[in-house]
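Trainee: Residues 1 to 1202 (the UniProt record's numbering) are what the sequence shown spells out, left to right.
Quick one: structure below, then a few questions.
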Amino acid sequence: MTQSFASTFAGPTSKERKYDRQLRLWAASGQQALEDSRVLLVNSDGPVDSDNAPLTGVVGVETLKNLVLPGIGGYTIVDPATVTEADLGVNFFLSEDSLGKSRAVETCNYLRELNPDVEGIWSSQPILEILGQQPRFLASYSLVIVTGPMRQSTLQIISQRTHELSIPLIYTHSVGFYCSFSLQLPSVFPVVETHPDPDSMQDLRLTNPWPELLAVAKKVENLDALDDHQHGHVPYLLLLLHYLEKWKKSHGGIYPQTYNEKTEFREMVRGGARTGNSEGGEENFDEAAAAVLKSISPWTLRSSLRDIFEMDQCCNLTAASDNFWVIAHAVKAFYKRHGVLPLPGSLPDMKAQSADYISLQNIYKSKARQDLAEVVAGVRAAEAQLGADRIVSSISEKEIEVFCKNAAHIKVIKGRKLPLLNVDEPEQETVKVIRNNVGNIESPISIFISLRALDILVTEYQEGKFQSAPYLFLDDPGNWQRAVSKVINALQANDSGSVDDEAQTNIRNAVQETQRAGILRQSMKRQGLQSTQRPPHQFSSNSPLELVKPRSTPIDKLTSTSTSTTGSRQPQFTQSGNDRSGGNTLDLDSFYPWELSLVSFNFVHSHLHPPLFPPFINTLPVDGLKMRLKNIFNPNYTDQNWRKPLAPASNPLALEEISLQSTPGEHAPNPTSKGSQHHEEPVLRKRHAATAMELFFDLFFVANLGSFTSTHDINTVQNLKSYIGYITILWFYWFQTVLFDLRFHSDSILSRIFTGMHLGVMTGFAVLAPNFATTDPLNHPRRFRNMGLLLMVSRLVLVLQYAIVAWYIRGYKKTLSAKIMTTGTLFASAMVFLALAVTTQMRRGRYAYLGWYIVPAIEALAMVSISSIWKVLSFKGTPIVERFGGMTLIVLGEGTVGMTKAVTSIAKGTSYPTASSIILITCYIIILYFMYMIYFDQTDENRFGYIRQQIWAIFHFPLHMSILITSEGSRAFVLYSVAKGIYETAFKHSNASKVSETTSQVVDTLKLIVHNLRARLRNTQDVPDLNYIYNNITAIENLEADSQKLGDLIAEFTGRLFIWIMRSFGIDATPQKSTSQKDSEQLAKLTDKLFLVFRFFFIAAGLVLIFMAVLHWFSKSHKSRGEVLSIITTTTIGIGLSLTSIMALYDEQDGESAFYYYLNSGWIVPTVTLAYALVVAIDNSIIVISHKRRIRYVSQAYRQVP
């Protein structure tokens, strides 16, 4: 152990601590490659107007910043521009003190503060002058970044020089919110992938093992002699080698070749596992079986590697050959000798004992070192053959090792030159790519063209070809139009065809956006606007800490690349006389480079003019608290920090679209003017998604629905009528509100007031819901009066909303007449509801409440008719599908709530649930899920017509009603089936009383049944008083003579227990709160309730399918044969379900009918589940068959094309 490790441990160096995070990412080799690189940034090529103001972004500077932080070797900034006030608004590496100075010098100064170890130099000469004086200037750089806009000739020269030197070139261009990025790589760009895909295959040489590996495999020849622990820890590589030898003996010395043979071999390996070993004990055999298909294959060279080995750069080395090709040449020779690539030396994870795994790993590492030594010898031989003419120094063994470890993952990227759009001599390949994408509205190619148009303008100005005043060069639309025309002409050159109008429109729109950004930058500069963004290293003279900035070295005075000036380039904060912190010096060496800006940012507060926060804040320590207090007292008046106030009222018309519809020379119509009759159809503001306010209103519908269903149980026909009646009132009110919001809602103070009124109406419905009933209104006149008045108020609110809309569109006579009709219809409805309320209060009109249902239906039909006649008021382009789909989800959610109530009732009723109760609850959930699938799978928003869409919307009322009733029926039958099961289980031994010899035995049997039920049920407080029955049975002297009396007493006993069980699950036989009814009457009402639930459950379940088929019909204007077949099938199954309710009409009193057996079989809810499953299965089968037929038809049609 002491020989393996040093006696003392050396801690991480300062560089390792500094770059710790990135070293974990790309290791020391990647960091060294980064430090050996130098980057050139060409930030501009000259002015674009007479004020010497370059229109350039800061993408290049920000990119350079991201390279300086991780520690590149050095960088050079070439920028002849001077700092303007416009630069301060976008460049964080400039300060107010930089105004009028060289931008290259100032940017270089601040970038060097981020990382003092990176050498930064600058030049204020244009790049062409430097290249003219120093032709090999670019040769010393690993990467060149050019920031646009750039003169075309300059960009072409840089592109050509970097291409000749095989240096990557990046051309980036940023104006406003537009940016383009072009990358030029050498024609042959090799890459050694050091982080390959983890799922990639690794050659472990199991089919070509070397002697040392075979020697280790022979040690486990006798697997049967190993104990269970050893047997379960044999590395799977050795297991594969062991079974490969057995396979070769029985197959003529040949390895498994085909898939079937590998499958057979895998089963052989899997069969060697011991079944008696503990769970997980034979995991190594599972690993071996899983690795068969990957590891047991004759190794072959990938085609990409073969292409690399056959490339001229690999076959014919020269003195200028890159290290990559020299190593590749040696690896190619290794492959020719051995038929494999060098072994990487790594092993995958596997189950094994630590000593065995380390021993196996050492064997692989030893073989990898041997292969590496052979490759190194080949590299040295190639270097010796190239002789002293080789430019690059001797290749390090570390570089060769990295190549060998990843030899299977090397690749070569074939690069091309920058896609320059030269209008004089356009490159045909670039033109072809642009033309293939310019017609696609989603393609960003129009942005690329707009930025190239800016390059054309820059070229014209710098070459003296401008045709307007210099200070108006970028402001003149004619210049931009001329540049666009040149681009379009270049795209149409050489018989390339014309660019269509839509593509030209896309190009001109992008150019206009670029022009706006350019004009904004120029106007900021000319008006002397101050930037609101300040770099983190700005300090005023009265700052407690001052920044001592080093001077950068000009490029023409740089004589050495040594780091002797590093100390002078380290920024320090020195204490001034007014420092109260008590410290001496804040040394930035203790911070990571990327943390410097965070430290410096704490001092920005001293630049506020005037300071708007108390002086004592300046004495706070330099930490985050200081910044938080500064943000509180410092106002920021930028647009993004302030909300615009709401308008008192909002215009529902899209005035900007009305203006666009006007012909040239014609003024846009004034919608409030009486003289604008030539525009009879206004353009309404269409929203494509529901607002948060609308969704909030839907929540009140949910609350009302849940409140009503929780207080109204459907146990009589009258209760069913009340249930349907309330849902009808609530739904049609929601429907009328939605019709308005979809077309005319826009956020304003007035609209929020009206929304508050609607919420108040919904609250009123919630207050009236618990006592709502359609019984005799004369007995409860106040309730019916309140409902009538509430309905009147709801319509009057809508009348006011529509009246405001009518005011805004009063200039459109035809549309105004439609709005007047709409307002009149709602006002008439309000008056009818008022009359109904008065009639009920006068104790006349027993059936006046029917008007609550008739009037909403009539007004809904009127609204749909009006919007069908005046298409401008239709719902096309509105989120109508989203709103009604959302309401369908709400209704289905109410069914889910019913399911949870059923689960709660079962949990409260019995001590432990049975398997049948779980199955029934599952069926209940599946019914709701199938409803969801059928509804949403058949809705296609893109195939609606104007009228069909509105009919589709109004048919949601019967659908939602059917879903709610089906959910209620499912819940009732789930509870009834569970209660019935407990009842039958308790009484299956009740016939024992017939063979009892004495009455006391009969009583004991009955008491035992009650005892078992008390143990099974949770509700033991409502246990019926059965002592009367016990006493009467005991009083019987002769069981045979008084058998009739005994039977009546037992029947009364069972009846009372049945009522008790049903009440335990929330099934009350008496809707009244009175308990004075006889048992026979309660049983009769319970039976009537079950019959009623049976009828409405199957009718509603069938109607759900029927109305979904109707919605499917109206939602698609042009239906295929498959869709028609799906609609017919769904309707037929729905009719069949509804007709099932007829069984209740043929019940026999003796309880021996088919209906009686079906009612007590527990198959009622599963029957509906199976029917819905059949609909889903048929619908999806039709889709699959239709899709296959369409594919076959298209393929046949394609083959027939000559």
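Idealized CB from N, CA, C, for every residue including glycine.
I need the straight-line Cα distance from Y461 to R452, nearest angstrom please.
Mentor: Along the sequence shown, one-based indexing puts residue 461 at 461. Along the sequence shown, one-based indexing puts residue 452 at 452. Taking the straight line from one Cα to the other gives about 14 angstroms.
Trainee: By the 10 Å Cβ neighbour count, where 16 or more other Cβ atoms means buried, how is T154 classified, buried or exposed?
Mentor: Against the sequence shown, residue 154 aligns to sequence position 154. Flag for T154 reads buried.
Trainee: Between the segment 912-922 and the segment 972-985, do three or more beta carbon pairs fall short of 8 angstroms?
Mentor: yes
Trainee: Please classify S366: does DSSP put it in a helix, a strand, or coil?
Mentor: Within the sequence shown, residue 366 is the residue found at index 366, counting from 1. S366: helix per DSSP, three-state reduction.
Trainee: Check the C-beta distance from I145 over to L64 and give it rounded, since I have them as a contact under 8 angstroms.
Mentor: In the sequence shown, the residue the question calls residue 145 occupies position 145. In the sequence shown, the residue the question calls residue 64 occupies position 64. Contact flag correct, Cβ pair sits at about 7 angstroms.
Trainee: Out of curiosity, what's the CA-to-CA distance linking I1191 and D747?
Mentor: The residue given as residue 1191 occupies position 1191 in the sequence shown. The residue given as residue 747 occupies position 747 in the sequence shown. When rounded, the distance between both Cα atoms is 48 angstroms.
Trainee: What residue does the beta strand (DSSP E) around K249 start on, and which one ends it?
Mentor: Position 249 of the sequence shown, counted from the first residue, corresponds to residue 249. From DSSP, K249 is part of no beta strand (DSSP E) but of the alpha helix (DSSP H) over 236-250.
Trainee: Are the CB atoms of V59 and T172 within a distance shorter than 8 angstroms?
Mentor: Start at 1 with the first residue of the sequence shown, and residue 172 comes out as number 172. Start at 1 with the first residue of the sequence shown, and residue 59 comes out as number 59. Yes, the Cβ-Cβ distance between T172 and V59 is below 8 angstroms.
Trainee: Could you check the C-alpha separation between H329 and L165 for me, to the nearest Å?
Mentor: In the sequence shown, counting from the first residue as 1, residue 329 sits at position 329. In the sequence shown, counting from the first residue as 1, residue 165 sits at position 165. Computed Cα separation, rounded: 22 angstroms.
Trainee: Are the Cβ atoms of S1141 and F1107 separated by less than 8 angstroms?
Mentor: Locating residue 1141 in the sequence shown gives position 1141, counting from the first residue. Locating residue 1107 in the sequence shown gives position 1107, counting from the first residue. In this structure, F1107 does not lie closer than 8 angstroms to S1141 by Cβ.
Trainee: Quick check: what's the CA-CA separation for A382 versus L317?
Mentor: Translated into the one-based positions of the sequence shown, residue 382 becomes position 382. Translated into the one-based positions of the sequence shown, residue 317 becomes position 317. Taking the straight line joining both Cα atoms gives about 8 angstroms.
Trainee: Using DSSP's beta-bridge definition, name the partner residues of V78.
Mentor: Within the sequence shown, the letter at position 78 stands for residue 78. Paired residue(s): V42, S123.
Trainee: Return the CA-CA distance between Q527 and T84, expressed in angstroms with no decimal places.
Mentor: Taking the first residue of the sequence shown as 1, we reach residue 527 at position 527. Taking the first residue of the sequence shown as 1, we reach residue 84 at position 84. For Q527, the predicted model reports a pLDDT of 44, less than 50, meaning its position is unreliable; a value from the coordinates is still stated below. One C-alpha to the other measures close to 11 angstroms.
Trainee: Decide if the segment 1168-1187 is in contact with the segment 931-943; the criterion is three or more beta carbon pairs, one per stretch, under 8 angstroms apart.
Mentor: yes
Trainee: Under a three-way DSSP split, which group does P535 fall into?
Mentor: Residue 535 sits at position 535 when you count from the first residue of the sequence shown. Caution applies to P535, whose pLDDT of 38 falls short of 50 and renders its modelled position unreliable; the value that the coordinates give is listed next. Of the three classes helix, strand and coil, the one that applies to P535 here is coil, per DSSP.
Trainee: In the DSSP output, which residue or residues are listed as bridge partners for S182?
Mentor: Along the sequence shown, one-based indexing puts residue 182 at 182. Answer is Y171.
Trainee: With distances taken between CB atoms, is the gap from A408 to L341 smaller than 8 angstroms?
Mentor: One-based indexing of the sequence shown puts residue 408 at position 408. One-based indexing of the sequence shown puts residue 341 at position 341. Against a cut-off of 8 angstroms, the Cβ pair of L341 and A408 comes out as a contact.
Trainee: Mapping the DSSP letters down to three states, classify L798 as helix, strand or coil.
Mentor: Reading the sequence shown from its first residue, position 798 is the one you call residue 798. L798: helix per DSSP, three-state reduction.
Trainee: From the DSSP secondary-structure annotation, give me the bridge partner or partners of S102.
Mentor: Indexing the sequence shown from 1 puts residue 102 at position 102. In the DSSP output, where bridge partners are listed per residue, S102 has T82.
Trainee: Here's a check: name, in chain order, each residue in its chain whose Cβ is nearer than 7 angstroms to the Cβ of G851, leaving out the five neighbours to either side.
Mentor: Taking the first residue of the sequence shown as position 1, residue 851 is located at position 851. For G851, same chain residues with a beta-carbon under 7 angstroms away, outside a window of 5 residues either side, are V832, L836 in chain order.
Trainee: Looking at the structure shown, is F936 part of a helix, part of a strand, or coil, going by DSSP?
Mentor: In the sequence shown, residue 936 corresponds to position 936, counting from 1. DSSP places F936 in helix when its eight states are reduced to three.
Trainee: Is it the case that the Cβ atoms of L816 and A806 are separated by a distance below 8 angstroms?
Mentor: Along the sequence shown, one-based indexing puts residue 816 at 816. Along the sequence shown, one-based indexing puts residue 806 at 806. Contact flag set, yes.
Trainee: Check P856 in the structure and name its three-state DSSP category.
Mentor: Stepping through the sequence shown from its first residue, residue 856 is reached at position 856. Residue state, collapsed to three classes: helix.
Trainee: What does the alpha-carbon distance come out to for the pair I410 and C315?
Mentor: In the sequence shown, residue 410 corresponds to position 410, counting from 1. In the sequence shown, residue 315 corresponds to position 315, counting from 1. The straight-line gap from Cα to Cα measures roughly 16 angstroms.
Trainee: Using a Cβ-Cβ cutoff of less than 6 angstroms, which residues in the same chain neighbour P12 once the five nearest sequence positions on both sides are dropped?
Mentor: Against the sequence shown, residue 12 aligns to sequence position 12. Closer than 6 angstroms at the Cβ level, and outside the excluded window around P12, lies no residue.
Trainee: Does the contact criterion of 3 or more C-beta pairs under 8 angstroms hold for the segment 761-770 versus the segment 879-896?
Mentor: Flag = no, the segment 761-770 and the segment 879-896 do not touch.
Trainee: Buried or exposed: which applies to L699, given that a residue is buried once 16 or more other Cβ atoms fall within 10 Å of its Cβ?
Mentor: Residue numbering aside, residue 699 sits at position 699 when the sequence shown is read from its first letter. By the neighbour-count rule (16 or more Cβ atoms within 10 Å), L699 is not buried but exposed.
Trainee: Which residue from I951, I727, G885 puts its Cα closest to that of A862?
Mentor: If you number the sequence shown from 1, residue 862 lands on position 862. Ranking I951, I727, G885 by Cα distance to A862 puts I951 first.
Trainee: In or out: R17 buried (at least 16 other Cβ within 10 Å) or exposed?
Mentor: Here residue 17 refers to the residue found at position 17 of the sequence shown. So R17 ends up on the exposed side.
Trainee: Please state whether the Cβ-Cβ distance between L1137 and F1096 is less than 8 angstroms.
Mentor: Locating residue 1137 in the sequence shown gives position 1137, where the first residue counts as 1. Locating residue 1096 in the sequence shown gives position 1096, where the first residue counts as 1. Taking 8 angstroms as the Cβ cut-off, L1137 and F1096 do not qualify as a contacting pair.
Trainee: The beta strand (DSSP E) that contains V412, what's its start and end?
Mentor: Sequence index remark: in the sequence shown, residue 412 carries index 412 (1-based). Following the DSSP letters along the chain, one finds V412 inside the beta strand (DSSP E) bounded by residues 410-413.
Trainee: Hey, how far is the Cα of S95 from the Cα of K367?
Mentor: Working through the sequence shown from its first residue, we reach residue 95 at position 95. Working through the sequence shown from its first residue, we reach residue 367 at position 367. S95 and K367: Cα-Cα distance of roughly 60 angstroms.
Trainee: Starting from L143, follow the beta strand (DSSP E) in both directions and report where the run begins and ends.
Mentor: Your numbering for residue 143 matches position 143 in the sequence shown. 143-147 is the extent of the beta strand (DSSP E) around L143.
Trainee: Have a look at V326 and W299 and give me their C-alpha separation to the nearest angstrom.
Mentor: Locating residue 326 in the sequence shown gives position 326, counting from the first residue. Locating residue 299 in the sequence shown gives position 299, counting from the first residue. Each residue's alpha carbon lies about 24 angstroms from the other.
Trainee: With DSSP as the reference, identify every bridge partner of L204, one or two as the case may be.
Mentor: Walking along the sequence shown from the start, residue 204 turns up at place 204. Bridge partners of L204: none, in fact.
Trainee: Excluding sequence positions up to five away, which residues of its chain have a Cβ less than 6 angstroms from the Cβ of R161?
Mentor: Within the sequence shown, the letter at position 161 stands for residue 161. A distance below 6 angstroms between beta-carbons, with the five flanking residues on each side excluded, links R161 to the following residues of its chain, in chain order: L138.
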